[in-house]
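Trainee: Please read through the structure below; I'll follow up with questions.
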Amino acid sequence: METSEIIKKVRKIEIKARGLSSNIFAGQYHSAFRGRGMAFSEVREYQYGDDVRDIDWNVTARFSKPYVKVFEEERELTAMLLIDVSGSLDFGTQHQLKREMVTEIAATLAFSAIQNNDKIGVIFFSDKVEKYIPPKKGRKHILYIIREMLDFHADSRRTDVAQALEFLTGVSKRRCTAFLLSDFYVEQSFQQQLTIANRKHDVVAIQVYDKRGCELPNVGLMKLVDAETGHEQYIDTSSRRLRESYRRYWQKRQSALKETFAKSSVDTISIATDEDFVKQLLGLFKQRG
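Right, here's the structure in full:
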């Protein structure tokens, strides 16, 4: 992609994402993803009903009457974007490619984060960690992230979510909010790694899919190419039995995925490429708020 074309796309995504994070998600993000703990703020005289465990004994001794520590929510967060850059994201038959929607969602989350003075970092992954961008604050940092999302070329086209989750657990020492964005086109289980990551951090899974991935159209002979393995095969989509078998396969995969998230206590949403992701994100925020 030419540099001038990338700049135009970055600017277009920035305008949309900033608008959404400012006008629609203002306040929702804050309530959905709270600070990592309580920070000491001040001391005041003890009042009836105060927790005796909050008494500051040094100040109490100095003034010969009880004082308690006052705490307030420690607002600053670190948000990590775990972004799938495998080959299966380069697919879309509806409004846009899955990769394009993932980029818009990630950019919107990033601008929502910096409005709350949070740091934002990125882990690009395929079947390995392709690139790690350490968390920082500011618009310049986010524009760099968006540019990388638009022009990033992964070494591998396969997917291994477990590798990304293990890396997150190892690299992020303090608790963070981690948004896992993928189509979850995976065969191997990642439940153990997800459970471990979610115990240490607050993991949210966002699945992006294309409606054509749910069911086959009745268009006769069709060539299918696996975007991750390169395997090709011809199928006869005029066969009702074949179309029904494929639909059941998709439903089985989705059920297994939902079970993985449920067992790991991870909040999740699924967004189709022809849907409005704003409505889905707002629903997620309100659910958590």
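All residue numbers for the sequence shown refer to our numbering, where the first residue is -4 and numbers rise by one. From the three backbone atoms N, C-alpha and C, an ideal C-beta is built for every residue, glycine too.
(1) Residues in the same chain with beta-carbon distance under 6 Å from Glu9, minus the five sequence neighbours each way, listed in chain order, please.
(2) Using only alpha-carbon positions, find the residue among Thr190, Ser107, Arg243 that is nearest to Ser17.
(3) Kindly indicate which three-state DSSP category Leu104 falls into: helix, strand or coil?
(4) Examine chain D for any beta-carbon lying closer than 8 Å to the beta-carbon of Thr154, and answer yes or no.
(5) When you compare the CB positions of Thr154 and Tyr180, do they come within less than 8 Å of one another, or not?
(6) Any chance the segment 88 to 105 sits against the segment 263 to 274, with 3 or more Cβ pairs inside 8 Å?
(7) List, from N- to C-terminal side, the beta strand (DSSP E) runs of 3 residues or more that fit wholly inside the segment 40 to 71.
(8) Counting pairs of beta carbons, one from the segment 70 to 84 and one from the segment 104 to 119, are three or more of them closer than 8 Å?
(9) For Ala27 and Phe272, which I take to be in contact (beta-carbon distance under 8 Å), what is that distance rounded to the nearest angstrom?
(10) What does a CB cutoff of less than 6 Å around Arg238 pick up in its chain, not counting 5 residues either side in sequence?
(11) Apart from the five residues just before and just after Lys132, which ones in its own chain have a Cβ nearer than 8 Å to its Cβ?
(12) By how many angstroms is the C-alpha of Arg235 removed from the C-alpha of Val261?
(13) Please classify Phe91: does DSSP put it in a helix, a strand, or coil?
(14) Would you list the residues sitting across from Asp79 in a DSSP beta bridge?
(15) What does DSSP give as the partner residue(s) for Ala173 in the beta ladder?
(16) Three-state secondary structure (DSSP) at Glu125?
(17) Distance check for Thr263 and Arg243, CA to CA, integer angstroms please.
(18) Tell me Val203's beta-bridge partners as DSSP assigns them.
(19) With 16 as the cutoff for other CB atoms within 10 Å, does Asp122 come out buried or exposed?
(20) Rank Lys258, Phe174, Val38 by C-alpha distance to the C-alpha of Tyr62 and give the top, closest one.
(21) Could you name the residues that DSSP lists as bridge partners for Ile115?
(22) How would you write the range of the alpha helix (DSSP H) that Glu227 sits in, first residue to last?
Mentor: In brief:
(1) none
(2) Ser107
(3) helix
(4) Note that chain D does not occur in the displayed structure, where there is just one protein chain.
(5) yes
(6) yes
(7) You should have 62 to 69.
(8) By the criterion of at least three beta-carbon pairs nearer than 8 Å, the segment 70 to 84 is in contact with the segment 104 to 119.
(9) In fact, because the Cβ distance is near 15 Å, the residues do not count as touching under 8 Å.
(10) Leu211
(11) So the list reads Ile109, Asn112, Asp113, Lys114, Ile115, once near-sequence residues are dropped.
(12) Looking at the two C-alpha atoms, the distance is approximately 36 Å.
(13) Checking the sequence shown, residue 91 turns out to be Gln, not Phe. Reduced to three states, the DSSP call for Gln91 is coil.
(14) Phe120
(15) Met75, Val198
(16) strand
(17) Distance from the CA of Arg243 to the CA of Thr263, rounded to the nearest whole angstrom, comes to 22 Å.
(18) Ile266
(19) buried
(20) Val38
(21) Ala74, Lys131
(22) Glu227 -> not in any alpha helix (DSSP H); beta strand (DSSP E) instead, spanning 227 to 231.
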